[in-house]
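Participant: When the letters of the sequence shown are read in order and numbered with our numbering, they come out as residues 59 to 353. Quick reminder that beta carbons are idealized off the backbone N, C-alpha and C, glycines included. Everything numeric in this text was worked out from a predicted model, so none of it was measured.
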Amino acid sequence: MSALELTLLGTGSPLPSAERCGGGQVVSGGGTTILIDCGWGVARRMQQARIASAQLGGVFFTHLHSDHITDFADLLMTGWTGGRTAPLPVYGPEGTRETVEGFQQALRADVRYRLAHHGEKLWPGGVACEVHEVEATDDARPIATVGDIEVSAFLVDHRPVWPAFGFKVACAGRTIVFSGDTVKCDALVRAAKGTDVLVCEAFNFELMDRRIEWLKSSGNQLAAGLMIDAKTYHIPPKEVAEVAAAAGVKRLIITHLIPPIPASGDEIKEFVAGMSDIYGGEITVASDLDRYEVG
Ligand SMILES: [Zn+2]
Ligand SMILES: [Zn+2]
Numbered sequence: 059m060s061a062l063e064l065t066l067l068g069t070g071s072p073l074p075s076a077e078r079c080g081g082g083q084v085v086s087g088g089g090t091t092i093l094i095d096c097g098w099g100v101a102r103r104m105q106q107a108r109i110a111s112a113q114l115g116g117v118f119f120t121h122l123h124s125d126h127i128t129d130f131a132d133l134l135m136t137g138w139t140g141g142r143t144a145p146l147p148v149y150g151p152e153g154t155r156e157t158v159e160g161f162q163q164a165l166r167a168d169v170r171y172r173l174a175h176h177g178e179k180l181w182p183g184g185v186a187c188e189v190h191e192v193e194a195t196d197d198a199r200p201i202a203t204v205g206d207i208e209v210s211a212f213l214v215d216h217r218p219v220w221p222a223f224g225f226k227v228a229c230a231g232r233t234i235v236f237s238g239d240t241v242k243c244d245a246l247v248r249a250a251k252g253t254d255v256l257v258c259e260a261f262n263f264e265l266m267d268r269r270i271e272w273l274k275s276s277g278n279q280l281a282a283g284l285m286i287d288a289k290t291y292h293i294p295p296k297e298v299a300e301v302a303a304a305a306g307v308k309r310l311i312i313t314h315l316i317p318p319i320p321a322s323g324d325e326i327k328e329f330v331a332g333m334s335d336i337y338g339g340e341i342t343v344a345s346d347l348d349r350y351e352v353g
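#1: Return the CA-CA distance between residue 87 and residue 280, expressed in angstroms with no decimal places.
#2: When the Cα of residue 232 is compared with those of 239, 254 and 214, which residue comes out closest?
#3: Assign residue 327 to one of three DSSP states: helix, strand, or coil.
#4: Whose CA, out of 247, 336, 105 and 67, lies closest to the CA of residue 214?
#5: Do residue 165 and residue 114 have their C-beta atoms within less than 8 Å of each other?
#6: Check whether the Cβ atoms of residue 100 and residue 68 sit closer than 8 Å, and answer yes or no.
#7: Could you tell me the alpha carbon to alpha carbon distance between residue 157 and residue 287, rounded to whole angstroms?
#8: Thinking just about the alpha-carbon of each residue, which of 174, 260 and 304 is nearest to the one in residue 252?
#9: What residues match up with residue 118 in a beta bridge as DSSP calls it?
#10: By the three-class DSSP mapping on this structure, what secondary structure does residue 108 have?
#11: Assign residue 169 to one of three DSSP states: helix, strand, or coil.
#12: Strictly by DSSP, which residues pair up with residue 350?
#13: Please give me, in chain order, every unbroken run of the beta strand (DSSP E) with length at least 3 that falls completely inside the region 176 to 243.
#14: Over what stretch of residues does the beta strand (DSSP E) that includes residue 77 continue unbroken?
#15: Taking 6 Å as the limit, name every residue whose beta carbon sits nearer than that to some heavy atom of ligand 1, in sequence order.
#16: List the endpoints of the continuous beta strand (DSSP E) containing residue 309.
#17: Are the Cβ atoms of residue 75 and residue 318 separated by less than 8 Å?
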């Protein structure tokens, strides 16, 4: 059995895609399972991956952009009706409490209806959470231990989104580092030093420019303008390769693909063109529901 198992639930962004959901990654180790981010479609992907919401030992938010949080309501509901009988531990940056309480408020009527209907079959605590708003610095430091899994957080640069975290997840001597959403930054290189797997976001400007031109020519100036703005707070593939090389990571997995290219076809090669000239390790462009064993 591997020390850590990683399941990529959602490998997309806020951009509409039939194949790539919003951000969401499950890590399992030593009998414990945690979820990192819960973007659109992630609760449904958990069903497909046969991972039970009720069994999650904790949820960790990198930041509070919609594509990392909006399936949290369904995660709460499937967890509660799936048998959860204790508050769900949730960790994230400042603002996490307000976000969690908003989802809980939206579900308040439903919780009332179900308790009235099912009575004692359901835990009376409903969709209760135990929220931890944590602080981070440029250097990864532990913020939580869940079973045998230790999670450390570090600050990345996704401004104006602030604070935004990357996470380092360790279990039985193996590590996975998650970039969260960020531009290239020293904190990511330092946190990823020698890690077994770096799971990193990437934004391919050339492929995106094609879509921007198409949007402009079809008269959708607003969408084109928003996509141009998005370039300022994400990391292009060649810089992802520079981070992986500088940190000496054993394996690189690319997720949060912008644009959300199809899971197969020529654009995958275009997306990573030139990366292997910079980083000599294995590079994988992830698809939703991909599963990896670490160690
Ligand atoms: Zn994002
Ligand atoms: Zn973001």
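Facilitator: The short version:
#1: Within the model, the alpha-carbon separation for residue 87 versus residue 280 is close to 44 Å.
#2: Here the closest residue by C-alpha is 254.
#3: Helix, per DSSP.
#4: The shortest CA-to-CA distance from residue 214 to any of 247, 336, 105 and 67 is the one to 247.
#5: Not closer than 8 Å, so no.
#6: Result yes, Cβ atoms of residue 100 and residue 68 sit closer than 8 Å.
#7: Each residue's Cα considered, the two are about 25 Å apart.
#8: The candidate whose alpha carbon is nearest that of residue 252 is 304.
#9: According to DSSP, which records beta bridges pairwise, residue 118 is partnered with 94 and 149.
#10: Residue 108 falls in the coil class under three-state DSSP.
#11: In the displayed model, residue 169 falls within a helix according to three-state DSSP.
#12: Bridge partners of residue 350 according to DSSP: 64.
#13: Complete beta strand (DSSP E) runs here, min 3: 187 to 191, 199 to 204, 207 to 213, 223 to 229 and 232 to 236.
#14: First-last for residue 77: undefined, no H or E at that position.
#15: One residue list follows from the rule of a beta carbon closer than 6 Å to any heavy atom of ligand 1, given in chain order as 71, 81, 123, 125, 126, 239 and 314.
#16: For residue 309, the enclosing beta strand (DSSP E) starts and ends at 309 to 316.
#17: Their beta carbons are under 8 Å apart, which means residue 75 touches residue 318 by this criterion.
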